[in-house]
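First comes the structure, then the notes that go with it.
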Amino acid sequence: MLNLFSIFDPSSSFMQLNWLSMLIGILVVCYYWLPPNKLKITHMKFMNLFINEMKSLIKIETFSFMLVLFSMVNLIFWINLFGLLPYIFTPTAHIMITFSLSITIWLTLMIFGWVNNTNNMFLHLVPMGTPTALQPFMVIIESISNMIRPLTLGVRLAANLTAGHLLIILLTNQMVLNLNLMSIFGGFLLLTLELAVACIQAYVFAVLTCLYLMEIK
């Protein structure tokens, strides 16, 4: 069991390939000067899909926040993608990393909301139509629900990536013991699923952040 979870250690003895993740910023910058290729076209289609989805959620006056969401999706997506490579540490599979990211975003939104839209923030504490006798309890419940958002946001991202990595390791161990065509095909399907999860989790993280933003507008 210890060997199974050793894939989440922040360091490895295989030529320290974890340093490769530090090159994400450089690779992404150079990526936009490359000629069109299949990877670039696929990535741009994904980003266009994300932008169109965000436009349906964000009002016109909040388009300035689109750059933050776009950068966050790219950051999480490339970290997840690099984490699928062997011997590379996956930061987004650790709750402290994802929680630090989510708590920073949540605090920013809360400070912005309470400073600029104080009355609207108070209104969100009491849902419309709540009986007068239940209003004090609803304030407590809504406050707790609001405060645990960064935790649930971080846990959702870390748990999905951790589960996927553990499944890949378990299947790889079985392939070593019993190598056949079915096990290779199963590993290929699982890796394809993990590529989809890397995209979807970045998208879900940004969409939930966008929904939290819309509540304070």
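Going by my numbering, 114 is the number at position 114 of the sequence shown; the sequence numbering is gapless.
Positions of the beta carbon are idealized from the N, C-alpha and C atoms, including for glycine.
The C-beta distance from Tyr212 to Val73 rounds to 15 angstroms, too long to meet the 8 angstroms contact threshold.
When only Cα atoms are considered, Phe46 and Ile144 end up about 35 angstroms apart.
In the three-state reduction of the DSSP assignment, Pro35 falls in the coil class. Here Thr92 is near Ile79, since their CB atoms are less than 7 angstroms apart. Counting along the chain, His94 sits inside no alpha helix (DSSP H), nor does DSSP assign it H or E at all. Exclusion of the five residues before and after Leu109 leaves Tyr212, Leu213, Ile216 as the residues of its chain whose Cβ lies within less than 7 angstroms of its Cβ. When C-beta atoms of the region 128–143 are compared with those of the region 177–186, fewer than three pairs fall below 8 angstroms, so the two segments do not count as touching.
In the displayed model, Pro127 falls within coil according to three-state DSSP, outside both helix and strand.
Cα atoms of Gly113 and Phe137: separation of roughly 22 angstroms, rounded to the nearest angstrom. Collapsing the DSSP output to three states places Thr90 in coil. Excluding residues up to 5 positions away in sequence, Thr92, Ala93 lie with their Cβ nearer than 6 angstroms to the Cβ of Leu161 in the same chain.
Burial is judged here by how many other beta carbons sit within 10 angstroms of a residue's own beta carbon; Ser102 has at least 16 and is buried.
Taken through DSSP and simplified to helix, strand or coil, Ile148 comes out as coil. Rounded to whole angstroms, the separation of the alpha carbons of Ile140 and Val126 is 9 angstroms.
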